[in-house]
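Chains A and B are the protein sequences, given in the same order.
The opening position of the first sequence corresponds to residue 8 in my numbering, with each subsequent residue numbered one higher.
The opening position of the second sequence corresponds to residue 1404 in my numbering, with each subsequent residue numbered one higher.
Here a beta-carbon is modelled for each residue, glycine too, at the ideal position from N, C-alpha and C.
All of these numbers come straight from a predicted model, not from anything done at the bench.
Take a look at the structure set out below.
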Amino acid sequence: NAGVTQTPKFQVLKTGQSMTLQCAQDMNHNSMYWYRQDPGMGLRLIYYSASEGTTDKGEVPNGYNVSRLNKREFSLRLESAAPSQTSVYFCASSPRGANEKLFFGSGTQLSVL
Amino acid sequence: GNSVTQMEGPVTLSEEAFLTINCTYTATGYPSLFWYVQYPGEGLQLLLKATKADDKGSNKGFEATYRKETTSFHLEKGSVQVSDSAVYFCALSDPMFSGGYNKLIFGAGTRLAVHP
């Protein structure tokens, strides 16, 4: 029962470095999401992919890019990391949309120094 | 725009105490409402949901009723356990998101600590 798998679990970057957060789900879900979680602010949607081959911006897309590589995988890339991107990142998936249950990965804790 | 407001935490209770975590929302249209729970070191899990006014969602002894007249979806449990210690998030599905595709809007989260 893997569900949603995110890698890495922890990462420390220097300002200006780039990295890609990986996410894969094995539930044959159509929709996938990237959220960031900051203290006192709940979760905010960065990007989402309603179905394979499509991606759209969420509330806070600046500084990020995404790729829906196939139905299983949805990656998040930081091209030039900034301290403001220090956060916990969650990937999630759902069968079709947000009116249905979202399944979350266990998160990636990212620190940008 | 649409938003969710939760009571600030942390909420600290003794085992077997009654729990209420307040949640109010602002939304156009008729959103679905959710409570998600995050245990330490884990991702969020759906706890319960309600899709229309007066619906009651329930799971694991937790309940919440969709109150359109007060725009509220308060979470309650009659007798909490130490294992209920977690962060609880209220959320709504935004029916007006561009492209006709729903997304979830989360509250800031309320940390619950239950002591023996």
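Cα-Cα separation between B/E1411 and A/Y96, rounded to whole angstroms: 22 Å
Beta bridge counterpart(s) of B/S1475 as assigned by DSSP: Answer by DSSP bridge pairing, in chain order: B/T1427, B/R1470.
Those residues which DSSP pairs with B/F1437 across a bridge: B/K1452, B/A1494
Residue-level contact to chain A via CB, B/E1466, 8 Å cutoff: no
Beta-ladder partner(s) of A/R103, from DSSP: Paired residue(s): none; A/R103 is not in a bridge.
B/V1407 burial status per 10 Å Cβ neighbour count (16 or more: buried): So B/V1407 ends up on the buried side.
CA nearest to the CA of B/P1434, picked from B/S1496, B/V1485, B/A1467, B/G1510: B/S1496 is the residue among B/S1496, B/V1485, B/A1467, B/G1510 whose C-alpha sits nearest the C-alpha of B/P1434.
Chain B contact for A/S113 (CB, 8 Å cutoff): yes
Per-residue contacts from B/F1476 into chain A (C-beta, under 8 Å): What B/F1476 touches in chain A: nothing, since even the nearest Cβ is about 15 Å away.
Nearest-angstrom beta carbon gap, B/F1437 and B/A1516 [assumed within contact, 8 Å]: That pair is no contact at about 22 Å.
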